[in-house]
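Counting along the sequence shown from 1, when you hit position 41 you're at 40 in numbering that gives the first Met the number 0, and nothing is skipped either side.
Think of the CB as a built atom: it goes at the ideal place given N, C-alpha and C, for glycine as much as any other residue.
Here's the structure we're looking at; comments come further down.
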Amino acid sequence: MADVTMDKIVSLSRRRGFVFPSSEIYGGMGSTYDYGHYGVLTKNNIRSLWFQAMVQERDDIVALDSAIILNPRVWEASGHVGGFTDPLVDCRTCKLRFRADQIEQASCGRRPSKHPGETPDCDLTEARQFNLMFKTQVGALEDESSTAYLRPETAQGIFVNFKNVLQLARRKPPFGIAQVGKSFRNEITPGNFLFRVREFEQMEMEFFVPPADAERWYRYWVDERFNWYLKYGLRESMLRKREHSAEERSHYSSGTTDIEYLYPIGWSELEGVANRGDFDLTQHTLHSGTKLEFVGDGTERYTPYVIEPAVSIERIFVAMLVDAYDEEVVAERDRTVLRLHPAIAPVKAAILPLIPRNAEMVEKARGLHDELRKQHMVEYDDGGQIGRRYRRQDEIGTPFAFTIDDQTLEDDTVTVRDRDSLAQARLPIGGVRVWLEEALERPWRTPKA
Ligand code: ATP
């Protein structure tokens with residue numbers, strides 16, 4: 000099995016057009032990335048499978064899309080203006096910045112083998128709190144009153160809409176509100192490819208429950224989210240649940256569990272699930288003067304507790320690529336293959352005329368492509384040797400390839416090639432659409448150990 004390093008993932012992502020460094024022709028923009036065609040398709044799949052599990056297949060969760068720039072008072076109430084900070088340390092010698100709480104993992108600019116502060120040359124400042132929110136101005140005036148922020152999380156947009164949803168969607172706890180959208184954090188030490196970026200797409204769901212049921216729902220959502228990763232092919236040995244100790248938790252949280260993945264940088268947070276109590280709704284009630292509570296029949300009246308599973312598409316994307324990346328030698332040739340779950344794979348099938356100069360083969364291949372593309376993201380490719388075309392599809396994780404060859408012209412059958420086993424079989428061309436439909440529905444497990 001391949002030793003999967005972050006460098007290999009970055010290089011494949013770039014080579015195959017999943018992800019590029021942003022603004023590259025101007026020298027890039029530190030830890031900011033742009034997604035190419037296959038990156039967009041993969042992200043779309045991750046987003047829609049999350050949405051399917053969180054909204055489409057449930058009766059108790061509704062969708063929301065709130066603004067990125069909210070009234071700045073939202074961020075005062077939530078505690079972000081005062082407290083969304085990381086402790087920052089500068090080194091006057093090497094001019095680098097470090098997170099004071101991550102000095103142990105950081106390398107000194109001058110002596111990479113040492114941690115900041117370990118050599119006599121190091122001249123570190125005292126730690127000072129650095130707010131991670133990006134500030135901007137709204138309107139033509141540039142003064143205090145026009146200061147606004149790019150949201151550092153999508154959750155607050157959900158809390159401030161609690162009353163709207165409660166009334167207009169006629170919900171009563173337990174119910175949830177799900178939202179996907181860009182969040183922005185001015186991270187001090189971004190890096191590790193997409194793992195920590197300044198602009199990322201968050202998928203958050205706030206689940207409002209009667210306080211007495213909060214613990215049960217918290218455990219439920221930890222399991223639910225963990226199982227979602229297994230369903231979409233991540234290996235169980237690469238996943239774990241890590242419950243925060245009381246010291247590590249936010250002051251308002253009575254339970255937080257990180258679902259961690261064994262990234263090439265070590266076990267790190269993929270998704271966080273927290274029992275946030277009634278902190279958020281209470282804060283917004285106090286600051287806005289609007290009561291955010293549930294009023295039921297009779298005397299029933301309470302501020303719901305909130306259970307929050309929160310993750311970014313970026314961290315899922317990296318985990319999926321790392322889990323899928325494989326190298327092997329087949330018939331004395333190296334093969335790199337992304338063993339992605341078919342539902343995550345950007346392209347579901349390739350349609351390949353064996354001899355691109357053969358007009359009949361091209362016509363049949365084009366016809367099959369036109370038929371399949373109505374249902375699925377499929378790709379027609381007639382560029383180069385068939386072996387090279389297979390390898391290209393392997394590297395972008397296409398689970399199936401249909402090849403139109405000499406025999407197709409005789410009996411209207413095609414070859415289907417399986418990405419993982421490399422097994423080949425013949426199918427009638429007229430049955431390919433249904434075959435593919437069924438193949439994509441089948442449960443899939445990675446052949447990786
Ligand atoms: P960390 O401790 O890694 O900074 P966090 O605990 O601050 O993360 P949360 O505020 O709980 O993260 O954010 C919820 C989720 O959003 C995280 O589990 C992660 O999936 C994602 N996320 C947070 N910050 C980033 C980032 N800078 N880049 C990519 N994804 C992020």
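Would you kindly report the start and end of the unbroken beta strand (DSSP E) that includes VAL208? For the purposes of this step, residue 208 is taken as the residue at position 209 of the sequence shown. Bounds of the beta strand (DSSP E) holding VAL208 are 198 to 208.
Assigned secondary structure, GLY386 (DSSP; H/G/I helix, E/B strand, else coil): Taking the sequence shown and counting its residues from 1, one reaches residue 386 at position 387. In the three-state scheme derived from DSSP, where H, G and I count as helix and E and B as strand, GLY386 is classed as helix.
Count the other CB atoms within 10 Å of the CB of PRO398; is the residue buried (16 or more) or exposed (fewer)? Here residue 398 corresponds to residue number 399 of the sequence shown, with the count starting at 1. Around the beta-carbon of PRO398, 16 or more other beta-carbon atoms lie within 10 Å, marking it buried.
Residue burial classification, VAL9 (beta-carbon count within 10 angstroms, cutoff 16): For this step, residue 9 is matched to residue 10 along the sequence shown. Per the 10 Å Cβ criterion, buried.
What does the Cβ neighbour count give for ILE24, buried or exposed, with the cut at 16 atoms within 10 Å? The residue given as residue 24 occupies position 25 in the sequence shown. The residue in question, ILE24, is exposed, as its Cβ has fewer than 16 Cβ neighbours within 10 Å.
Runs of alpha helix (DSSP H) lying entirely within the region 76 to 156, each at least 4 residues, in chain order: 79 to 82, all fully within the region 76 to 156.
With burial defined as no fewer than 16 other Cβ atoms inside 10 Å of the residue's Cβ, what is the status of PRO210: buried or exposed? Residue numbering aside, residue 210 sits at position 211 when the sequence shown is read from its first letter. By the neighbour-count rule (16 or more Cβ atoms within 10 Å), PRO210 is not buried but exposed.
Between the C-alpha atoms of ARG425 and THR412, what's the straight-line distance to the nearest angstrom? For the purposes of this step, residue 425 is taken as residue 426 along the sequence shown, with counting starting at 1. For the purposes of this step, residue 412 is taken as residue 413 along the sequence shown, with counting starting at 1. Roughly 6 angstroms separates the two Cα atoms.
When you compare the CB positions of ALA318 and TYR260, do they come within less than 8 angstroms of one another, or not? Taking the sequence shown and counting its residues from 1, one reaches residue 318 at position 319. Taking the sequence shown and counting its residues from 1, one reaches residue 260 at position 261. Between ALA318 and TYR260, the CB-CB gap stays under 8 angstroms.
To the nearest angstrom, how far is the alpha carbon of ARG441 from that of LYS230? The count along the sequence shown starts at 1 and reaches residue 441 at position 442. The count along the sequence shown starts at 1 and reaches residue 230 at position 231. Rounded to whole angstroms, ARG441 to LYS230 spans 12 angstroms at the Cα level.
For LEU129, I'd like the list of residues in its chain whose CB is within less than 7 angstroms of its CB, leaving aside the five on either flank, ordered along the chain. Position 130 of the sequence shown, counted from the start, is the residue given in the question as residue 129. Looking at the sequence itself, residue 129 is Phe, so the reference to Leu does not match. Non-local C-beta neighbours of PHE129 in its own chain, meaning closer than 7 angstroms and more than five positions away in sequence, comprise THR84, ASP85, LEU87 and ILE187, ordered along the chain.
Does the region 130 to 146 come within contact of the region 91 to 100, defined as at least 3 CB pairs closer than 8 angstroms? Short answer: they don't touch.
To the nearest angstrom, how far is the alpha carbon of GLY61 from that of PRO341? The sequence position of residue 61 within the sequence shown is 62, counting from 1. The sequence position of residue 341 within the sequence shown is 342, counting from 1. A small correction: the amino acid at residue 61 is Val; Gly does not occupy that position in the sequence shown. So the alpha carbons of these two residues sit roughly 27 angstroms apart.
Heavy atom of ligand 1 less than 7 angstroms from the Cβ of ARG96, yes or no? Here residue 96 refers to the residue found at position 97 of the sequence shown. ARG96 Cβ: outside cutoff for every heavy atom of ligand 1.
What is the C-beta distance between ARG462 and TYR37, in whole angstroms, given that I count them as a contact (C-beta under 8 angstroms)? Outside the shown range of the chain (0 to 448) lies residue 462, about which nothing can therefore be said.
I'd like the list of long-range same chain contacts for ARG234, defined as Cβ closer than 8 angstroms, with 5 residues on each side in sequence excluded. Walking along the sequence shown from the start, residue 234 turns up at place 235. Excluding sequence neighbours, ARG234 sits near ASP322, THR445 and LYS447.
How would you write the range of the beta strand (DSSP E) that PHE19 sits in, first residue to last? Taking the first residue of the sequence shown as position 1, residue 19 is located at position 20. Looking at the DSSP string, the run of the beta strand (DSSP E) that includes PHE19 is 18 to 20.
Which first and last residues belong to the beta strand (DSSP E) in which LYS447 is found? Numbered from 1 along the sequence shown, position 448 holds the residue referred to as residue 447. Where LYS447 is concerned, there is no enclosing beta strand (DSSP E), given that its DSSP letter is neither H nor E.
Sequence-distant residues of its chain with Cβ nearer than 8 angstroms to SER30 (five each side left out): Here residue 30 corresponds to residue number 31 of the sequence shown, with the count starting at 1. The residues are GLU186, PRO189, GLY190, ARG195, VAL196 and ARG197.
Taking the beta carbon of PRO427 as the centre, do at least 16 other beta carbons fall within 10 Å, making it buried, or is it exposed? Within the sequence shown, numbered from 1, the residue matching residue 427 stands at position 428. By the Cβ neighbour-count rule, PRO427 is exposed, with fewer than 16 other Cβ atoms within 10 Å of its own.
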